[in-house]
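Chains as they are written, first to last, in this note's numbering: chain A, -16 to 166; chain B, 10 to 185.
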């Protein structure tokens, strides 16, 4: 092998070995993301190890998570709006819709759900040809959650899937919205 | 110098080659078995009072339906492989008549006062003295995701039924 060929190869080998020595991550190794840590110094009292609320808030990773969840919730609202539009555009299959509505009313009035003692202030269920929409209003947020969970648990004979939204409205009432897909 | 140069060159080219073509990740299928008492509880204190928690099952020994709530461990990281590929619950019936058990898989989370969740309800008939299995795969869920990343469960257990155990199948990335 001529010296002119060996020199570049030697240089490549040396560079690669140097890079690996400096950064020993393999191709598949995931590099953990780290949250930058700021010095815990409270300017107010000058104590080097004291935490101030401002320092703690500035380092709280919850904010980035919440901002991500805000995005998720925005997307979720868009999704539910689209689902509502799709539901409203469905033709009504009276044969199925009446059976499905009857079944869902039966779940809501079942002894199991009645024994919970949780009753919505108002509720409605309407089915079309491929999906059903259930709305319910509660004065208590926890009651709304329990009722929605218990109600949906019993809908397996009628619905294959369901999307649930529970939101507290400006009227302080809690609104349950369910879109269910026909089984 | 000639030998050292050739050796370094060969090592270098080998390294460059290995870096240029990343090794494929290898996934191994795993299954976690979990007894019901380890991951389920009565949905309210009243239902908890109706349940007997035994090593091999959570039994409803009251005279009416009891709602139970369960949670599997999940993983919602972006490139995870550890989301569930198959979720199973097994329900027994110690009574003398067949019972209908309703369960719904819940995939989602709660943020403050807002709930973001997809429900997949299923029903099974459990023969007297027998048991029944209810399973969910990702294709059962709305949107048919490739994995079920945040699974939870709600079941109504009629009198005399026992939520025995659950299992979760998922893949684990074990590297190259």
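C-beta atoms are modelled at their ideal positions from N, C-alpha and C, and glycine is treated no differently.
The contact set of residue 73 (chain B) on chain A, defined by CB atoms closer than 9 angstroms, consists of 94, 95, 98 in chain order. Distance between residue 126 (chain B) and residue 115 (chain B), taken at the CA atoms: about 6 angstroms. Residue 117 (chain A) has its alpha-carbon roughly 19 angstroms from the corresponding atom of residue 100 (chain A). Among the bridge pairs identified by DSSP, residue 79 (chain A) is matched with none. Its Cα nearest to that of residue 105 (chain B), the residue B:136 stands out among B:136, B:93, B:92.
If only uninterrupted beta strand (DSSP E) runs of at least 3 residues are considered, those enclosed by the segment 129 to 172 of chain B are 140 to 145, 160 to 166.
A direct Cα-Cα distance of roughly 6 angstroms separates residue 84 (chain A) from residue 109 (chain A). In this structure, residue 99 (chain B) sits away from residue 162 (chain B), with a CB-CB distance that is not shorter than 8 angstroms. Residue 108 (chain B) sits buried, since 16 or more C-beta atoms from the chains shown fall within 10 Å of its C-beta. Annotation for residue 130 (chain A): no beta strand (DSSP E) segment contains it, though the alpha helix (DSSP H) segment containing it runs 124 to 136. As the crow flies, the alpha-carbon of residue 147 (chain B) is around 6 angstroms from that of residue 154 (chain B). Only exposed fits residue 82 (chain B), as fewer than 16 other CB atoms lie within 10 angstroms of its CB. Counting along the chain, residue 120 (chain B) sits inside the beta strand (DSSP E) bounded by residues 108 to 120.
Annotation for residue 126 (chain A): 101 place their beta carbon closer than 7 angstroms to its own, counting only its chain and skipping 5 residues before and after.
Per DSSP, reduced to three states, the secondary structure at residue 185 (chain B) is coil, with no helix or strand assignment.
Going by beta carbons, residue 61 (chain B) and residue 156 (chain B) fall outside the 8 angstroms limit.
By the rule that beta-carbons nearer than 8 angstroms mark a contact, residue 146 (chain A) touches chain B. The beta carbons of residue 176 (chain B) and residue 33 (chain B) sit no closer together than 8 angstroms. Annotation for residue 164 (chain A): the continuous beta strand (DSSP E) segment containing it runs 157 to 165. When the five nearest sequence neighbours on each side are left out, the beta carbons in the same chain lying within less than 8 angstroms of the beta carbon of residue 74 (chain A) are those of 111, 112, in order along the chain. From the listed residues A:59, A:133, A:89, A:141, the smallest Cα separation to residue 114 (chain A) is found for A:141.
The Cβ atoms of residue 103 (chain A) and residue 90 (chain A) lie no closer than 8 angstroms to each other. With its beta carbon at least 8 angstroms from every one in chain A, residue 174 (chain B) lies outside the interface.
Residues of the same chain with a CB within less than 6 angstroms of the CB of residue 183 (chain B), apart from the 5 flanking positions on each side, are 35, 37 in chain order. The shortest C-alpha to C-alpha distance from residue 97 (chain A) to any of A:158, A:123, A:133 is the one to A:133. By the neighbour-count definition (other C-beta atoms within 10 Å, threshold 16), residue 111 (chain B) is a buried residue. If you check each beta-carbon in the segment 52 to 66 of chain A against every beta-carbon of chain B, the ones closer than 7 angstroms belong to 52, 55, 56, 59. Rounded to the nearest angstrom, the Cβ distance from residue 122 (chain A) to residue 113 (chain B) is 25 angstroms, too far for a contact under 8 angstroms. Around residue 112 (chain B), the beta-carbon contacts reaching into chain A at under 9 angstroms are 136, 139. For residue 129 (chain A), the residues of chain B that pass the 9 angstroms Cβ criterion are 52, 53, 76, in the order they occur in the chain. Under a criterion of Cβ atoms nearer than 8 angstroms, no residue of chain A is adjacent to residue 158 (chain B); the nearest Cβ is some 13 angstroms distant.
At a beta-carbon threshold of 7 angstroms, none of the residues of chain A lie near residue 177 (chain B); the nearest stands roughly 20 angstroms away. Contact annotation: in the segment 116 to 133 of chain B, residues whose CB is within less than 7 angstroms of a CB in chain A are 120, 122, 123, 124, 125, 126, 127, 128, 129, 130, 131, 132.
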